[in-house]
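Numbering (the numbering used here), first residue to last: 90 to 240.
The beta-carbon is built from N, C-alpha and C at its ideal position, and this holds for glycine as well.
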């Protein structure tokens, strides 16, 4: 999560605000179940994560090789998916071409890769004026529904 500290500095209470924001970025105070922590450690050895409880289970947010990842696990410790954002140059060319063909008046504002037990998927956010749409594609560039989207 990124904060605009320049706006915070304009406040005469900025030391308190900065301390509060710093604490908000720390790991959660509740204990993640050991089955979830073990599953994470097997998949991402040596990585420290900030955990968030979600309706489906738990989400680990971590940085690896300078990139932020979100790994999702069920309450029992089953890995559900890992997602990360990339630039257009690192995204599926097939998917981008499909978006251009099917939504020519929209601009792509987000490129996300999602790794799941069922394969790799691609999510884009597109915008036109005030309208924003999320689209989800398989590896072949087929538009599909996103069963893994975490409300």
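Distance, residue j Cα to residue i Cα
{"i": "residue 189", "j": "residue 212", "result": "14 angstroms"}
{"i": "residue 163", "j": "residue 143", "result": "9 angstroms"}
{"i": "residue 210", "j": "residue 202", "result": "6 angstroms"}
{"i": "residue 149", "j": "residue 197", "result": "26 angstroms"}
{"i": "residue 216", "j": "residue 175", "result": "17 angstroms"}
{"i": "residue 178", "j": "residue 200", "result": "10 angstroms"}
{"i": "residue 124", "j": "residue 170", "result": "16 angstroms"}
{"i": "residue 153", "j": "residue 193", "result": "34 angstroms"}
{"i": "residue 230", "j": "residue 191", "result": "12 angstroms"}
{"i": "residue 235", "j": "residue 205", "result": "11 angstroms"}
{"i": "residue 130", "j": "residue 228", "result": "27 angstroms"}
Cβ pair residue i, residue j closer than 9 angstroms
{"i": "residue 120", "j": "residue 166", "result": "no"}
{"i": "residue 157", "j": "residue 145", "result": "no"}
Evaluate the contact criterion for the stretch 222–231 versus the stretch 180–187: three or more CB pairs, one atom per stretch, below 8 angstroms. A contact exists between the stretch 222–231 and the stretch 180–187.
Whole beta strand (DSSP E) runs in the stretch 170–218 with 3 or more residues, listed along the chain? Counting only runs of at least 3 residues, the stretch 170–218 fully encloses the following beta strand (DSSP E) elements, listed from N- to C-terminal order: 196–205 and 208–217.
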